[in-house]
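The opening position of the sequence shown corresponds to residue 66 in our numbering, with each subsequent residue numbered one higher. Beta carbons: idealized from backbone N, C-alpha and C, even for Gly.
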Amino acid sequence: MARTLFDEVIGEVPVSTVDVPRIVARQRRNRHLRTVFGAAAGVVAVLTAVTLAFGATGSPPAPPAQSPSASTHVLRFQQSLPSDSTYDWLSADLDRALHAVAPDAEWIRQPLVGAYTGHDGDPPRFSGSAQDVRTTWGVRDGDLLGTIRVEFVEPLCVSDDGHSPAYNCWSTLPCVQSCHRGTTPSGLRTVVLQYPTGAQGHVNRVMVALANGLLVSISVDNTFQTVRDTYEYAPRPPLSIEAVEQIAALVSDRIAA
Numbered sequence: 066m067a068r069t070l071f072d073e074v075i076g077e078v079p080v081s082t083v084d085v086p087r088i089v090a091r092q093r094r095n096r097h098l099r100t101v102f103g104a105a106a107g108v109v110a111v112l113t114a115v116t117l118a119f120g121a122t123g124s125p126p127a128p129p130a131q132s133p134s135a136s137t138h139v140l141r142f143q144q145s146l147p148s149d150s151t152y153d154w155l156s157a158d159l160d161r162a163l164h165a166v167a168p169d170a171e172w173i174r175q176p177l178v179g180a181y182t183g184h185d186g187d188p189p190r191f192s193g194s195a196q197d198v199r200t201t202w203g204v205r206d207g208d209l210l211g212t213i214r215v216e217f218v219e220p221l222c223v224s225d226d227g228h229s230p231a232y233n234c235w236s237t238l239p240c241v242q243s244c245h246r247g248t249t250p251s252g253l254r255t256v257v258l259q260y261p262t263g264a265q266g267h268v269n270r271v272m273v274a275l276a277n278g279l280l281v282s283i284s285v286d287n288t289f290q291t292v293r294d295t296y297e298y299a300p301r302p303p304l305s306i307e308a309v310e311q312i313a314a315l316v317s318d319r320i321a322a
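What follows is the structure, given as structure tokens:
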């Protein structure tokens, strides 16, 4: 009775026009495509993250260029007068080195022609050119007076005449009385020289091959100019050769590679 009533209400069920196998196949294909594209999206995301982290080439970024540390300075040759502030840092470094090695030593002014007008106690003032940086100054330790000369130069191995040893050539540097080669505590190469100048003069000199490829020469002699073209001679230089070695090492370590 119930089945008859149901048939009367619904009527005859038409033949289905839905292609079930095709629908099932389409659903399976869609699921497969979602899987493929999902995996591809994951790969893209990973590659994007790698690119952002290491750069477009996929290589780790190069480390930044190393800059001089706070304890060193870059030395450049440039035109500069002793009255300029260009090499104030070098004057301060030399002053600290002197008083670290010889606490009782002091700077004294010499009346050199064209010299910087200063006062006793003022540290040396440096002048510069396209070829070098240098200073000539007076120094005293007790009763001993003398002159200190500091020069930063290129290591040239060709003399003016092409035959005699060049002044700044490392391998042919002449030694008169005593000379030996060594290293500073930090490993920089040195040449240590002692030699006479004239009948009464004596020089303690140290050259250091700097980390930046330049040479520094620091010499202390026993001559002192009192007035123009008039010199006095102390029995010996106010700074020993050992003291000059230590000063040269301290100053050299302040020059950046």
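Out of the options, which has the shortest C-alpha to C-alpha gap to residue i?
i           : options               : result
residue 314 : 283, 211 and 269      : 283
residue 287 : 206, 312, 142 and 244 : 206
residue 244 : 298, 307 and 293      : 307
residue 217 : 146, 274, 172 and 202 : 274
residue 301 : 196, 219, 169 and 259 : 259
residue 271 : 265, 264, 263 and 254 : 254
residue 191 : 276, 183, 137 and 200 : 200
residue 162 : 149, 151 and 189      : 189
residue 263 : 184, 298 and 183      : 298
residue 202 : 196, 195 and 214      : 214
Rounding to the nearest angstrom, what Cα-Cα distance links residue i and residue j in this structure?
i           : j           : result
residue 167 : residue 246 : 23 Å
residue 172 : residue 208 : 13 Å
residue 304 : residue 295 : 22 Å
residue 317 : residue 170 : 20 Å
residue 30  : residue 261 : There is no way to answer for residue 30, as the model of the chain reaches only from 66 to 322.
residue 249 : residue 311 : 8 Å
residue 257 : residue 281 : 12 Å
residue 128 : residue 279 : The predicted model places residue 128 with a pLDDT of 34, which falls under 50 and marks its position as unreliable; any figure quoted below should be read in that light. For residue 128 and residue 279, the distance between alpha carbons rounds to 27 Å.
residue 175 : residue 187 : 11 Å
residue 157 : residue 150 : 11 Å
residue 252 : residue 265 : 34 Å
residue 131 : residue 322 : Low confidence applies here, because residue 131 scores a pLDDT of 39, under 50, leaving its location unreliable; read the following figure in that light. Spanning the two alpha carbons is a distance of roughly 11 Å.
residue 386 : residue 136 : An answer regarding residue 386 cannot be provided, because it is not within the stretch 66 to 322 covered by the chain.
residue 276 : residue 219 : 12 Å
residue 212 : residue 185 : 13 Å
residue 112 : residue 195 : Because the pLDDT at residue 112 is just 30, under 50, the model does not fix this residue reliably, and the value given afterwards should be weighed accordingly. Computed Cα separation, rounded: 52 Å.
Please check the pair residue i and residue j, which I expect to be a contact at CB under 8 Å, by giving their CB distance rounded to whole angstroms.
i           : j           : result
residue 289 : residue 210 : 4 Å
residue 140 : residue 320 : 5 Å
residue 309 : residue 292 : Going by Cβ atoms, the distance from residue 309 to residue 292 rounds to 27 Å, so no, they are not a contact pair.
residue 154 : residue 138 : 5 Å
residue 152 : residue 198 : 6 Å
residue 145 : residue 183 : With 8 Å as the limit, residue 145 and residue 183 do not qualify as a contact, their Cβ atoms being about 16 Å apart.
Does any residue of chain D bring its CB to less than 8 Å from the CB of residue i?
i           : result
residue 320 : Included in the structure is just one protein chain, with no chain D present.
Original post:
Which ranges would you report for the beta strand (DSSP E) in the segment 146-209 if only whole runs of at least 3 residues count?
Top reply: Complete beta strand (DSSP E) runs here, min 3: 171-173 and 197-206.
Original post:
Taking the runs of the beta strand (DSSP E) that are 3 residues or longer, which of them lie wholly in the segment 252-277?
Top reply: When DSSP assignments are scanned along the segment 252-277, the uninterrupted stretches of beta strand (DSSP E) that are 3 or more residues long and fall wholly within it turn out to be 254-262 and 266-274.
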